[in-house]
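Peer 1: Here it is: the structure, laid out below.
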Amino acid sequence: MVIDDKIKFKRHIIICTNMKDDPAAPCCGRGESFGLYKRLKEYIKSKNIKDSVKVTQARCFSMCADGPNMVVYPEQIWHHHVAPEDFDEIVEKYIRPFEVK
Ligand code: FES
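All residue numbers for the sequence shown refer to this note's numbering, where the first residue is 19 and numbers rise by one.
Structural data, given as C-alpha cells:
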C-alpha cells in the first residue's frame, strides 16, 4: 500500500448512483442521482476547479430506502433524498466557496 499525501481535495462529494436489478428494490439510481452527479461534474469542470472539488459516484451506502444519498467530505455531512432540483443548493453550499474569483 502506498500513501499519496499530494492529493488534497478541499471538498469531496460522493453520490450513490446505484441501480439495482430488482425494480421493486429501493435504490438511489431510480431517483435520478446519476443525472445530478453528471451535472455537478460538468459544473466543476466548467469552473476549472477539478483539483479542489471532486465528485464521485458510489455503488451503495446501504441506506437505500433513504436514497438518493450523498455525503460531503471533509465534514462527512450526509444528505438523503437528494434530487435534481437540489443542484443549485449543492453548488452554493459546497462548491461555490472553492471557485476562483
Ligand atoms: S442504492 Fe444508494 S444507498 Fe443503496
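The C-beta atom is built at its ideal place from N, Cα and C for all residues, glycine as well.
Fair warning: this is a prediction, and the values are worked out from it, not measured in the lab.
#1: The alpha helix (DSSP H) spanning Ile108 covers which residue range?
#2: How close, in whole Å, do the beta carbons of Ile33 and Met88 come, if the pair is a contact with beta carbons under 8 Å?
#3: Could you tell me the alpha carbon to alpha carbon distance between Thr35 and Asp69, rounded to whole angstroms?
#4: Taking the C-alpha atoms as reference points, what is the distance between Ala43 and Ile62?
#5: Along the chain, where does the alpha helix (DSSP H) containing Ile62 start, and where does it finish?
#6: By the three-class DSSP mapping on this structure, what secondary structure does Ile113 have?
Peer 2: Put simply:
#1: Phe105 to Ile108
#2: 5 Å
#3: 23 Å
#4: 32 Å
#5: Ser51 to Ser64
#6: helix
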